[in-house]
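Numbering (this note's numbering), first residue to last: 3 to 204. All C-beta atoms, glycine included, are put in the ideal place defined by N, C-alpha and C.
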């Protein structure tokens, strides 16, 4: 009788251990949620195990059931006339980079911040000669309007009976005001550059 009872105990232990092992094998793996928001001015592409989700400007989306330990890629795409500023939230690896990653160890909330770009002002460059019909003054760069500080190539050519004297302008800087071919640095204003000529006795 004792042997029979011992046998029943052993059977119960084996069955219990098998049940525990089966429970461990079928345990649900840890999964997390990632909440991603994009401000106006850009979108975010979230890549989880090669599956992409696009969050549009001003939108928020929650991506569920991301396995623990997964590396999630975030890619910011600014709209026209907008620039990417930064990522907000934890644990972003590179907050200022357009493309970054998150190693999922918890539920996270991430924000992509975009900002409207301030247009860079441009200015018109006009070319003139003095006196009239004494020659030509040409903007060789020919890419106006120009931003302040742009280096422009200019050239003066005298007509028959005239000789080049110098360049003048109310603002800006010449590479060499006494050279017919030179450069001009655009000032922060609209400006007229004049090629001055004089009569050359024949």
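Among the residues of its own chain, which have a CB less than 8 angstroms from the CB of residue 163, if the five just before and after it don't count? 201, 202, 204
Can we say the segment 186-200 touches the segment 147-162, given the rule of at least three CB pairs closer than 8 angstroms? yes
Hey, residue 61 and residue 40: beta-carbon distance below 8 angstroms or not? yes
From residue 32 to residue 112, what distance separates their C-alpha atoms? 20 angstroms
Residue 117, enclosing beta strand (DSSP E) - first and last residue: 110-118
Simplified DSSP assignment, three categories, for residue 165: strand
With a threshold of 6 angstroms on Cβ separation, who are the neighbours of residue 160 within its own chain once the five nearest residues in sequence on each side are excluded? 137, 166, 199
To which residues of the same chain is residue 80 closer than 6 angstroms at the C-beta, ignoring the five residues directly before and after it? 44, 86, 116
So is residue 110 buried or exposed if we call it buried at 16+ other beta carbons inside 10 Å? buried
Smallest Cα separation from residue 82: which of 75, 124, 119? 119
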